[in-house]
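A.B. asks:
Okay, structure coming up:
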């Protein structure tokens with residue numbers, strides 16, 4: 002089964018489909034899916050291998066935890082807003098308490114919201130969508146604030162639903178989570194510290210032999226450890242080029258590259274142009290809007 006990885010802490014995608022382009026798959030990250038319009042069915046495979054079917058419509062909201070097989074089938078043209086995030090994003094920008102709530106949300110499929118929170122969440126998704134249609138200065142900042150507000154409101158309703166059902170929210174320590182999921186979190190948290198991401202260092206953290214850790218990673222995520230680290234670092238470089246005034250040399254130092262020449266070579270190999278050219282082209286594109 003195909004598994005998708007995320008190369009940045011958080012990402013917003015807006016997609017329109019007549020036929021959903023991906024069959025059953027899973028992620029190494031959390032994905033929240035908001036249906037702006039359309040009808041269809043959402044299928045999710047539960048831990049006991051039973052498949053739950055949910056009929057979706059406009060304003061349906063789903064939270065898909067990591068390592069959860071799922072798929073969509075479309076009845077009528079559908080527009081989706083995807084919020085994809087990793088737990089350390091929630092920890093860093095909102096707080097550990099909320100991160101623990103999401104970590105324990107594996108029993109969730111469709112998210113139920115109380116009426117007042119529901120209206121706010123729908124409005125916030127609409128703000129994100131309209132801002133994406135008219136990107137300009139401040140778009141990324143605004144979308145991040147709205148996204149964070151959505152995460153807080155959803156977490157609040159997960160807790161309320163657990164209390165209503167007389168269920169306790171279980172707070173897991175990091176060692177009690179899936180080691181493969183924690184490995185991704187650890188890599189993303191230390192992406193600017195390459196010395197901590199070598200096989201020898203990772204093997205000590207995860208109690209695996211240095212020779213086996215690469216095999217273990219590829220078995221779970223269908224790409225090599227070095228490919229994942231490299232793509233993550235370049236995604237962070239891209240974000241810094243677009244959202245900061247740091248020089249390429251400063252970015253190379255911040256992200257742990259041996260020197261700026263190596264960063265330029267790595268960036269050009271993937272993006273086809275130099276970092277400075279990439280920054281200039283995207284700056285001009287934004288100025289034209």
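Residue numbers (the working numbering): 2 to 290.
All residues carry an ideal CB built from backbone N, CA and C; glycine is no exception.
(1) Using a Cβ-Cβ cut-off of 8 angstroms (strictly less than) and excluding sequence neighbours within five positions of residue 69, which residues of its own chain qualify?
(2) Closest to residue 14 by C-alpha separation, out of 130, 153 and 115, would be which residue?
(3) Taking the continuous beta strand (DSSP E) assigned at residue 5, which residues delimit it?
(4) At the level of alpha carbons, what is the spacing between residue 64 and residue 279?
(5) Enumerated in chain order, which unbroken segments of the beta strand (DSSP E) with a length of 3 residues or greater are wholly contained in the region 57-120?
(6) If we require 3 or more residues per run, which beta strand (DSSP E) segments fall completely within the region 225-288?
(7) Quick one: is residue 289 buried, meaning 16 or more other Cβ sit within 10 Å of its Cβ, or exposed?
(8) From the DSSP output, in three-state form, read off residue 170 for me.
(9) By DSSP, does residue 136 sit in helix, in strand, or in coil?
(10) Using DSSP bridges, identify the partner residues of residue 53.
(11) Is residue 122 near residue 81, with beta carbons less than 8 angstroms apart?
(12) Quickly, what does DSSP pair residue 161 with across the bridge? List them, please.
(13) Go to residue 192, then tell me how far its beta strand (DSSP E) extends in each direction, as first and last residue.
(14) Take residue 269 as the anchor and find which of 249, 51, 255 and 203 has the nearest alpha-carbon.
(15) Can you list, in chain order, the residues of its chain with a C-beta nearer than 7 angstroms to that of residue 271? Leave out the 5 residues immediately preceding and following it.
(16) Taking the beta strand (DSSP E) that residue 14 falls in, what are its first and last residues?
(17) For the candidate residues 277, 94 and 213, whose alpha-carbon lies nearest to that of residue 239?
(18) If you follow the beta strand (DSSP E) that residue 27 is part of, which residue opens it and which one closes it?
(19) Check whether the Cβ atoms of residue 291 and residue 33 lie closer than 8 angstroms to each other.
(20) Indicate whether residue 73 and residue 30 have their beta-carbon atoms separated by less than 8 angstroms.
(21) Check whether the region 135-144 touches the region 93-107, taking contact to mean three or more Cβ pairs, one atom from each stretch, closer than 8 angstroms.
(22) To the nearest angstrom, how far is it from the Cα of residue 187 to the Cα of residue 203?
(23) For chain B, check one thing: does any of its Cβ atoms lie closer than 8 angstroms to the Cβ of residue 221?
(24) By the 10 Å Cβ neighbour count, where 16 or more other Cβ atoms means buried, how is residue 243 classified, buried or exposed?
(25) In chain order, what residues of the same chain lie with their CB nearer than 7 angstroms to the CB of residue 215, ignoring the 5 residues before and after it?
C.D. replies: Based on what the coordinates show:
(1) So the list reads 27, 28, 45, 46 and 107, once near-sequence residues are dropped.
(2) The shortest C-alpha separation from residue 14 is found at 130.
(3) Note, residue 5: beta strand (DSSP E), 3-5.
(4) Here the alpha carbons of residue 279 and residue 64 stand approximately 34 angstroms from one another.
(5) Counting only runs of 3 or more, we get 62-65 and 71-86.
(6) Taking only runs of at least 3 residues, no beta strand (DSSP E) segment lies wholly in the region 225-288.
(7) Note on residue 289: pLDDT 46, under 50, position unreliable in the model; the coordinate value appears next. Answer is exposed; the Cβ neighbour count stays below 16.
(8) Legend: pLDDT at residue 170 = 38, less than 50; position of this residue unreliable, value from coordinates given subsequently. In the structure shown, residue 170 sits in coil (DSSP, three-state: anything other than H, G, I, E or B).
(9) Of the three classes helix, strand and coil, the one that applies to residue 136 here is coil, per DSSP.
(10) BP columns for residue 53 point to 45.
(11) Contact: no.
(12) Looking at the DSSP output, residue 161 sits in no beta bridge, so it has no partner there.
(13) DSSP places residue 192 in no beta strand (DSSP E); its state is neither H nor E.
(14) Of 249, 51, 255 and 203, the residue nearest in Cα terms is 249.
(15) The answer, listed in chain order, is 235.
(16) Here the beta strand (DSSP E) through residue 14 covers 11-18.
(17) With distances taken between Cα atoms, residue 239 lies closest to 277.
(18) Here the beta strand (DSSP E) through residue 27 covers 26-28.
(19) Residue 291 lies beyond the residue range present for the chain, which begins at 2 and ends at 290; the question has no answer from this structure.
(20) A distance of 8 angstroms or more separates the beta carbons of residue 73 and residue 30.
(21) Result no; under three Cβ-Cβ pairs closer than 8 angstroms.
(22) Rounded to whole angstroms, residue 187 to residue 203 spans 9 angstroms at the Cα level.
(23) In summary, chain B is missing from the structure at hand, where a single protein chain is found.
(24) Burial call: exposed.
(25) Excluding the 5 residues flanking it on each side, residue 215 has same chain C-beta neighbours closer than 7 angstroms at 200, 225 and 226, in chain order.
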